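These notes are about the structure you will find just below.
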Amino acid sequence: MPAPQPFLVYRDRIGAPSEIGFLRRQYIGFSRLHPVWLGRTVLAGASEISEDVVRLGGDSALGPWHRLLFRHFGVVPRNPGRHGLASPIRHGPDKPGHDELCGKDAGVEWARVLHAQFARGGALALPLARALNLRMVVTLHGGDVSKQKNWRGTVLAQRWPALIRETTRFVCVSAAVAEIAAARGVPADKLTILPIGVEIPDHPPVARPPTAHLFVGRFVEKKGIAVIAEAIRRLRAQGDPTPLVCAGDGPMRPALEALARETPGVTLTGWLPPEAVRARMQDAVSLLVPSIIAAGGDTEGLPSVVPEAMAQGCPVIGSDQGGIAEAIRDGETGLLVTPGDATALAEAMLRITRESGLRTHLAMRAFACAAEALNAKTQSEKLEALLLKASQAAG
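Using my numbering, read the sequence shown as starting at 131 and increasing by one per residue.
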């Protein structure tokens, strides 16, 4: 079997803790293509996504200057041999390009496609795709197209019309994201709905005595942090002592720290490694995903923790909106509540705590649903086929 063909993946900031899992899973089923990641900022967590990660502009003294020119003016750096820059692809003797990237052998035939993560990533990578004569595929995740601030005087706003024209395919993680993209002018024939899957354990989860409700994610408005806090206060007022564990971090951490000080049984763990998150999910009463549309328009696509919890047999209590409502069937694979309704959330939490049979039913059905419809290997293979088709069309 021939070696996988390298291709570029652009994520402007590689390695953010909240992104590592779902970005890595998009490529775990690839056998014919091999992603080489490129971005302006490379964080410590980037190594958990891939071993092949390159910082645009390299680490030389000229690196910051090259990154500045690329961000603001779309100037693509040259000469990767000296600076580790990003015009690396050799398409063959008759094609322009350079011979190396990240130590790759000269003359390697790269796939002629660039996969950009997030709308802004697509806008930033557009000059790169042009310079290297690559087909562009952009994955849209939710807030990247819904946040109002993303469309006011930004690189995305400036390049969006060109991005729509020149992008071969916009991959949307949910139908709700596709609707937002369509409202932003993306033609229907350029939209593909492809949820990001999750790795499925070999066997259904073993039932364990549940210990606590669980929240996993960034502490930001759209995650429904304020709704969770109010629901816990209501539960304590009703005499329910079930603990709450919040794993993650973000700007709303002070609000949760205040909740923990004033309310018994609330614990903040910070970011946890994937194996620790999975263990928490296996022991949880429920995973709370009461997302809302934030004041600035920020909204969810399909939060990665939803399929992750389903695969671990952890019932999800989520908002009846967007990709959450697409993944969860109310009363069958989880419970859905009205977005922003703390009373409804508290009632669902109380119900799943008191009705042990309900929790077991939801857990088993959620696992079966994830295995059938959200298997990461299957979803990843679909993405690979899409990227291969785009690459082959570039000829």
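The beta carbon of each residue, even a glycine, is placed where N, CA and C say it ideally should be.
The structure displayed is predicted, hence computed values, not measured ones.
>> Taking a contact to mean a Cβ-Cβ separation below 8 Å, would you say A385 touches A342 in this structure?
In response: Here residue 385 is taken as the residue at index 255 of the sequence shown, counted from 1. Here residue 342 is taken as the residue at index 212 of the sequence shown, counted from 1. No.
> From this set, G395, E387 and P207, which residue's C-alpha is nearest G369's C-alpha?
Replying inline: Indexing the sequence shown from 1 puts residue 369 at position 239. Ranking the options by Cα distance to G369, first place goes to G395.
> When DSSP builds the beta bridges, which residues end up paired with P165?
Replying inline: Mapped onto the sequence shown, residue 165 falls at position 35. F137, per the DSSP bridge assignment.
>> Here's the rule: buried if 16 or more other CB atoms are within 10 angstroms of the residue's CB, otherwise exposed. What is K352?
In response: Residue mapping note: residue 352 aligns to position 222 of the sequence shown, counting from 1. That one is buried.
>> Is it the case that the stretch 314–326 contacts the stretch 387–407, given that we only count it when at least three CB pairs across the two stretches are under 8 Å?
In response: Taking a cut-off of 8 Å for Cβ pairs, the stretch 387–407 and the stretch 314–326 do not touch, as fewer than three such pairs fall below it.
> Once you ignore the five residues that flank S416 on each side, which residues in its own chain have a CB closer than 6 Å to its CB?
Replying inline: For the purposes of this step, residue 416 is taken as the residue at position 286 of the sequence shown. Answer for S416: H343, P445, I447 and I482, listed in chain order.
> Start and end of the beta strand (DSSP E) containing F345?
Replying inline: As a working mapping, residue 345 is identified with position 215 in the sequence shown. According to the DSSP assignment, F345 belongs to the beta strand (DSSP E) that extends over A342 to R348.
> Which of helix, strand or coil does DSSP assign to D460?
Replying inline: Taking the sequence shown and counting its residues from 1, one reaches residue 460 at position 330. DSSP places D460 in strand when its eight states are reduced to three.
> Of all the beta strand (DSSP E) runs that stay within the bounds of the stretch 425–500, which reach a length of 3 or more residues?
Replying inline: Along the stretch 425–500, the beta strand (DSSP E) occurs as fully enclosed runs of 3 or more residues at 446–449 and 464–467, listed in sequence order.
> In three-state terms, what does DSSP make of Q288?
Replying inline: Position 158 of the sequence shown, counting from 1, holds the residue named residue 288. Looking at Q288 - three-state DSSP - the assignment turns out to be helix.
>> Taking 6 Å as the limit between beta carbons, can you name the residues of its chain near R170, skipping five residues before and five after?
In response: For the purposes of this step, residue 170 is taken as the residue at position 40 of the sequence shown. Here the set comprises D142, L186 and R197.
>> Determine whether the beta carbon atoms of I144 and S510 lie at a separation below 8 Å.
In response: The residue labelled residue 144 in the question sits at position 14 within the sequence shown. The residue labelled residue 510 in the question sits at position 380 within the sequence shown. Not a contact, by the Cβ cut-off of 8 Å.
>> In this structure, how does DSSP classify E181 when only helix, strand and coil are distinguished?
In response: The sequence position of residue 181 within the sequence shown is 51, counting from 1. Collapsing the DSSP output to three states places E181 in coil.
> Looking only at its own chain, which residues have a Cβ that is under 7 Å from the Cβ of K277, when we skip the five neighbours before and after it?
Replying inline: Counted from its first residue, the sequence shown places residue 277 at position 147. Non-local beta-carbon contacts of K277 in its own chain, meaning distances under 7 Å to residues more than five positions away in sequence, involve G426, G427 and D428 in chain order.
>> For a quick check, are the C-beta atoms of P420 and L475 less than 8 Å apart?
In response: For the purposes of this step, residue 420 is taken as residue 290 along the sequence shown, with counting starting at 1. For the purposes of this step, residue 475 is taken as residue 345 along the sequence shown, with counting starting at 1. Between P420 and L475, the C-beta gap is smaller than 8 Å, which places the two residues in contact.
>> Buried or exposed for W290, going by 16 or more other Cβ atoms inside 10 Å?
In response: Along the sequence shown, one-based indexing puts residue 290 at 160. It is buried - the Cβ of W290 has at least 16 other Cβ atoms within 10 Å.
>> Once DSSP output is grouped into helix, strand and coil, what is the label at N505?
In response: Along the sequence shown, one-based indexing puts residue 505 at 375. For N505, the three-state secondary structure derived from DSSP is strand.
> Who does F248 pair with in a DSSP beta bridge?
Replying inline: One-based indexing of the sequence shown puts residue 248 at position 118. F248 pairs with nothing; no bridge assigned.
>> Am I right that E296 and L256 are in contact with their C-beta atoms under 8 Å? What's the rounded C-beta distance?
In response: Working through the sequence shown from its first residue, we reach residue 296 at position 166. Working through the sequence shown from its first residue, we reach residue 256 at position 126. In this structure E296 is in contact with L256, their Cβ atoms being roughly 7 Å apart against a cut-off of 8 Å.
>> Per DSSP, what are the beta-bridge partners of V275 in this structure?
In response: Working through the sequence shown from its first residue, we reach residue 275 at position 145. In DSSP, V275 forms no bridge with anything.
> For E514, which residues of its own chain have a beta-carbon under 7 Å away from its beta-carbon, when the five flanking residues on both sides are left out?
Replying inline: On the sequence shown, residue 514 is found 384 positions in, with the first residue counted as 1. Hits under 7 Å: G159, F160, R162 and L163.
> Which residue's Cα is closest to the Cα of F349: P132, A133, Q135 and P147?
Replying inline: On the sequence shown, residue 349 is found 219 positions in, with the first residue counted as 1. Nearest of P132, A133, Q135 and P147 to F349, Cα basis: P147.
> Quick one: what's got a C-beta closer than 6 Å to A306's C-beta in the same chain, skipping five residues either side?
Replying inline: Your numbering for residue 306 matches position 176 in the sequence shown. If we look at A306 and ignore the five residues flanking it on each side, its Cβ neighbours are G452 and G453.
>> Can you list, in chain order, the residues of its chain with a C-beta nearer than 7 Å to that of I179? Leave out the 5 residues immediately preceding and following it.
In response: Residue mapping note: residue 179 aligns to position 49 of the sequence shown, counting from 1. Counting only residues of its own chain and dropping the five nearest sequence neighbours on each side, I179 has a CB closer than 7 Å to the CB of I144, G145, I150, L153, R154 and W167.
>> On the DSSP bridge list, what partners appear for I144?
In response: Counting from 1 along the sequence shown, the entry for residue 144 is found at position 14. Answer by DSSP bridge pairing, in chain order: V172.
> Along the chain, where does the beta strand (DSSP E) that runs through R265 open and close?
Replying inline: Mapped onto the sequence shown, residue 265 falls at position 135. Note, R265: beta strand (DSSP E), R265 to L270.
> Quick one, which of L418, S434, S521 and R299 has its alpha-carbon nearest L504's?
Replying inline: Here residue 504 corresponds to residue number 374 of the sequence shown, with the count starting at 1. Nearest of L418, S434, S521 and R299 to L504, Cα basis: S434.
> In the structure shown, what three-state DSSP assignment does F300 receive?
Replying inline: As a working note, residue 300 is residue 170 in the sequence shown. Strand.
>> Tell me the DSSP secondary structure of L321 in three-state form.
In response: For this step, residue 321 is matched to residue 191 along the sequence shown. Here L321 carries a strand assignment [DSSP, helix/strand/coil].
> Is DSSP giving S193 helix, strand or coil here?
Replying inline: In the sequence shown, the residue the question calls residue 193 occupies position 63. Reading the sequence as shown, one finds Gly at residue 193 and not Ser. Helix at G193.
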